[in-house]
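Numbering (my numbering), first residue to last: 10 to 189.
Here's the structure we're looking at; comments come further down.
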C-alpha cells in the first residue's frame, strides 16, 4: 500500500511539474520582453490604442516560443552529452533519460526569482544573478543524477548547454528582427 501511495505522490508531482514549467516559460518570456523594451527593441508592436493590443501581445508569444526553444535546446544538449559519455565510459549510473529531463526542469525553478526584480524595476544584475542561480541548480541536479561523473564535467556540460541555448535564441531573435 505504501508503494502505491508513493507512486501517486510522485505521479501527481511530475504532472504538476509540466504545468509549473509552462508558467516558468511565461516568466522567462515576460523577462525577455521587458529586457527588449528596456533596450528599445520594437518588433511589430501595434499601437497601445489598438483594440487588440492586450489580447495579441505578439512579442510575448514570440518570446514564449524563444524561451521554450531555449529550454528544449538546453535539455537536448545535456541529454546528448549524457548519451555520448554513457557510451564511451559506462558507469554504474543507471538512469533513464526522462529522469534527467525531470531533474533539469525542476532545477530551472530559480527563474522565478527574476519576476520580483522585473516588477520592482528592471535591473540587469538581478537577471544575471538569477541565471547564475539556475546554472548552479542545473549543475547540482546533474551531479545528483550522475554521481560518478566529475563535478567539473557536469558544470561544463550544463554551461555549454546554456550557451548553445541562448545563442540559438539570439540567432532566432535576430532573424525575426531582420524579417520584420
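Backbone N, C-alpha and C fix where the C-beta goes; we use that ideal spot for every residue, glycine too.
Small disclaimer: the values here were computed from a predicted structure and weren't measured.
Check                                                                                                         : Outcome
Sufficient close CB pairs (3 or more, under 8 angstroms) joining the segment 68-75 to the segment 109-123     : no
Alpha-carbon to alpha-carbon, residue 67 and residue 167                                                      : 31 angstroms
Integer-rounded CB distance, given that residue 173 should sit under 8 angstroms from residue 86              : 5 angstroms
Alpha-carbon to alpha-carbon, residue 25 and residue 154                                                      : 21 angstroms
Neighbour-count burial assignment, residue 143, 16 or more Cβ in a 10 Å radius                                : buried
Range of the contiguous alpha helix (DSSP H) that encloses residue 81                                         : 67-97
Where residue 158 falls, given that 16 or more other Cβ within 10 Å makes a residue buried                    : buried
CA-to-CA distance, residue 69 to residue 99, given in whole angstroms                                         : 43 angstroms
For residue 129 and residue 170, the rounded distance between their alpha carbons                             : 30 angstroms
Backbone CA spacing between residue 182 and residue 45 [nearest angstrom]                                     : 11 angstroms
Beta-carbon proximity list for residue 175, same chain, < 7 angstroms, skipping 5 on both sides               : 79
For residue 192, the first and last residue of its enclosing alpha helix (DSSP H)                             : Absent from the model: residue 192. The displayed extent of the chain is 10 to 189, so no value can be given.
Residue of 187, 165, 188, 184 minimising C-alpha distance to residue 83                                       : 165
Any non-hydrogen atom of the ligand PLP within 8 angstroms of residue 170 CB                                  : No copy of the ligand PLP appears in this structure; indeed no ligand is present at all.
Proximal residues to residue 39 (C-beta, below 8 angstroms), its chain only, five neighbours per side dropped : 69, 72, 124, 127
Of the residues 33, 47, 35, 37, the one placed nearest residue 132, counting alpha carbons only               : 47
When 90, 33, 34 are compared against residue 151, the one with the closest alpha-carbon                       : 90
Residue 121 versus residue 187: straight-line alpha-carbon distance, rounded                                  : 30 angstroms
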